[in-house]
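Colleague:
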Amino acid sequence: MLTTQFLPGSLCWIELDSFNIEIAKRFYGGLFGWEFQDQVPEYTFCQVGGRNVAGIGVLMGEAVTSAWIPYFSVEDCEATTRTVEPAGGTVVLQPVELAPQGQTAQFRDPAGARFAVWRPAEILGVDLVNEPGSLTWVGLRAPDSTAVRAFYKSVLGWRFEDRPMGDTTYPLIFPAGGDADSSLGGLLPLEPGDPPHWLAYFEVRDCDAAVADCRELGGTVHAPAEDVKGVGRLAVLTDPHEARFAVVTSSA
């Protein structure tokens, strides 16, 4: 499960790249009850009870899509960047120093899914996980499990464990050095017609109420609420700019 004790390779931040921050604030503020602390005109922290749970930034450039981007903690941003292309990935953004908070870079894996890394300084990562309104899981949807496993093992040191789930298996992701309870996400099949992507899961008190609120706030339902054994009740939604994410009311 997620934790705020950030090992190298662990999930430490989630960020929405959005066409319009104010529209995003209204939607996610209404859906999750988030408060916002603006850092600069192009970026805001999303908070629950004064604790950071995510960030929203202005999406730059053309011919790009709004999306939730996971950040993974690293000890050396430049060294990690040098491993990406030899492993089959693409560097989207070279390391950028965001003093005094830390340093970041952004990539695409061999399947094309976008993600970022974070070398912490003043900000280690989010302050809250697994509670209503905060991140609780991420899933990578990609067509070739073998290629992405090799890539992330090389770049972030991850290990993968196949766990039984019904009639199939679910590959769980663990950071290097993490114990059996340190899984941060899993690998998911790619739906027909979808581009490879990371899917962020946010905990909510009532999954069905969140689905109804999403519609009222101008979002859409990509996959309706359903019960998943051993997980809870979850649904996949899209915001007004078609950024996809999931909500889940976890099993007790």
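Okay, so the sequence shown: first residue is 639 according to our numbering, each after it adds one.
Beta carbons are placed, not taken as given, at the ideal position from N, Cα and C, and that holds for glycine.
Since the model is a prediction, treat every value here as computed from it, not as a measurement.
#1: Measure the C-alpha to C-alpha separation of D714 and E854 and round it to an integer number of angstroms.
#2: Would T682 and F670 qualify as a contact pair, given that the criterion is a beta-carbon distance under 9 Å?
#3: Between which residues of its own chain and A701 is the CB-CB distance below 8 Å, once the five residues before and five after are set aside?
#4: Please give the ranges of any alpha helix (DSSP H) in the segment 775–853, keeping only runs that are unbroken, at least 4 residues long and fully inside the region.
#5: If you follow the beta strand (DSSP E) that L872 is part of, which residue opens it and which one closes it?
#6: Give every residue of the same chain whose Cβ lies closer than 6 Å to the Cβ of K663, excluding the five residues on either side of it in the sequence, and list them in chain order.
#7: Going by beta-carbon coordinates alone, are P708 and A754 separated by less than 9 Å?
#8: Under the rule that 16 or more other beta-carbon atoms within 10 Å means buried, what is P646, buried or exposed?
#9: Note the first and the last residue of the continuous beta strand (DSSP E) segment covering G668.
#10: If we ignore side chains and look at the alpha-carbon of each, how far apart do F798 and A884 end up?
#11: Go to A717, then tell me how far its alpha helix (DSSP H) extends in each direction, as first and last residue.
#12: If we ignore side chains and look at the alpha-carbon of each, how far apart do V722 and G857 end up?
#13: Quick check on the burial criterion: 16 or more other C-beta atoms within 10 angstroms. Buried or exposed for Q643?
#14: When we look at the beta-carbon of A818 and count the other beta-carbons within 10 Å, is it buried (16 or more) or exposed?
#15: Helix, strand or coil for S656? Go by DSSP, reduced to three states.
#16: Hey, out of I811, P738 and D782, whose CA is closest to E829's CA?
#17: Would D865 be called buried (16 or more neighbouring beta carbons within 10 Å of its own) or exposed?
#18: Using 10 angstroms around the beta-carbon of E716, count the other beta-carbons present and answer buried if the total reaches 16, otherwise exposed.
#19: Could you give the distance in angstroms between the alpha-carbon of A785 and the alpha-carbon of G727?
#20: By Cβ distance, which residues of its chain are closer than 6 Å to D877, with the 5 residues on each side in sequence left out?
#21: Rounded to whole angstroms, what's the CA-CA distance from F789 to A780? Just pull it up for me.
#22: What does V755 pair with, by DSSP beta-bridge criteria?
#23: Please report the straight-line C-alpha distance between L654 and P802, rounded to a whole angstrom.
#24: Of the residues P758, Q685, T742 and A737, which one's Cα is nearest the Cα of L731?
#25: With a Cβ-Cβ cutoff of 9 Å, do W706 and R871 count as a contact?
#26: Using only alpha-carbon positions, find the residue among T887, G695, W836 and L649 that is nearest to F770.
Modeller: Once the coordinates are examined:
#1: The sequence position of residue 714 within the sequence shown is 76, counting from 1. The sequence position of residue 854 within the sequence shown is 216, counting from 1. Distance between the alpha carbons of D714 and E854: 43 Å.
#2: Here residue 682 refers to the residue found at position 44 when the sequence shown is read from its first residue. Here residue 670 refers to the residue found at position 32 when the sequence shown is read from its first residue. No; because the gap between Cβ atoms is not below 9 Å, this pair is not in contact.
#3: Position 63 of the sequence shown, counted from the start, is the residue given in the question as residue 701. Here the model assigns A701 a pLDDT of 44, short of 50, so the residue's position is not dependable and the matter cannot be decided.
#4: 783–794
#5: In the sequence shown, residue 872 corresponds to position 234, counting from 1. Its beta strand (DSSP E) spans residues G870 to T876.
#6: The sequence position of residue 663 within the sequence shown is 25, counting from 1. So the list reads F674, once near-sequence residues are dropped.
#7: The residue given as residue 708 occupies position 70 in the sequence shown. The residue given as residue 754 occupies position 116 in the sequence shown. Taking 9 Å as the Cβ cut-off, P708 and A754 qualify as a contacting pair.
#8: The residue given as residue 646 occupies position 8 in the sequence shown. Buried, since its Cβ has 16 or more Cβ neighbours within 10 Å.
#9: Your numbering for residue 668 matches position 30 in the sequence shown. Where G668 is concerned, there is no enclosing beta strand (DSSP E), although the alpha helix (DSSP H) it sits in stretches over I659 to F670.
#10: Position 160 of the sequence shown holds residue 798. Position 246 of the sequence shown holds residue 884. Going by the C-alpha atoms only, they are around 22 Å apart.
#11: What you label residue 717 is simply residue 79 of the sequence shown in a count that begins at 1. For A717, the uninterrupted alpha helix (DSSP H) run begins and ends at C715 to V722, by DSSP.
#12: On the sequence shown, residue 722 is found 84 positions in, with the first residue counted as 1. On the sequence shown, residue 857 is found 219 positions in, with the first residue counted as 1. If you take the alpha carbons of V722 and G857, they lie about 34 Å apart.
#13: Taking the sequence shown and counting its residues from 1, the one referred to as residue 643 is at position 5. The residue is exposed, with fewer than 16 neighbouring Cβ atoms inside 10 Å.
#14: Here the question's residue 818 lines up with position 180 in the sequence shown. So A818 ends up on the exposed side.
#15: Residue mapping note: residue 656 aligns to position 18 of the sequence shown, counting from 1. In the structure shown, S656 adopts extended strand secondary structure according to DSSP, grouped into three states.
#16: Residue numbering aside, residue 829 sits at position 191 when the sequence shown is read from its first letter. With distances taken between Cα atoms, E829 lies closest to D782.
#17: The residue given as residue 865 occupies position 227 in the sequence shown. D865 is exposed by the Cβ-count criterion.
#18: Walking along the sequence shown from the start, residue 716 turns up at place 78. E716 should be labelled exposed.
#19: Translated into positions along the sequence shown, residue 785 becomes position 147. Translated into positions along the sequence shown, residue 727 becomes position 89. So the alpha carbons of these two residues sit roughly 10 Å apart.
#20: Along the sequence shown, one-based indexing puts residue 877 at 239. Around D877: F665 and G857.
#21: Taking the first residue of the sequence shown as 1, we reach residue 789 at position 151. Taking the first residue of the sequence shown as 1, we reach residue 780 at position 142. In a straight line, the C-alpha of F789 is about 12 Å away from that of A780.
#22: As a first step, residue 755 is located in the sequence shown; it is residue number 117 there, counting from the start. F710 and A743.
#23: Mapped onto the sequence shown, residue 654 falls at position 16. Mapped onto the sequence shown, residue 802 falls at position 164. Each residue's Cα considered, the two are about 32 Å apart.
#24: Here residue 731 is taken as the residue at index 93 of the sequence shown, counted from 1. Ranking the options by Cα distance to L731, first place goes to T742.
#25: Within the sequence shown, the letter at position 68 stands for residue 706. Within the sequence shown, the letter at position 233 stands for residue 871. Contact: no.
#26: Within the sequence shown, residue 770 is the residue found at index 132, counting from 1. Looking at the sequence shown, residue 770 is not Phe but Pro. Comparing Cα-Cα distances from P770 to each of T887, G695, W836 and L649, the minimum goes to T887.
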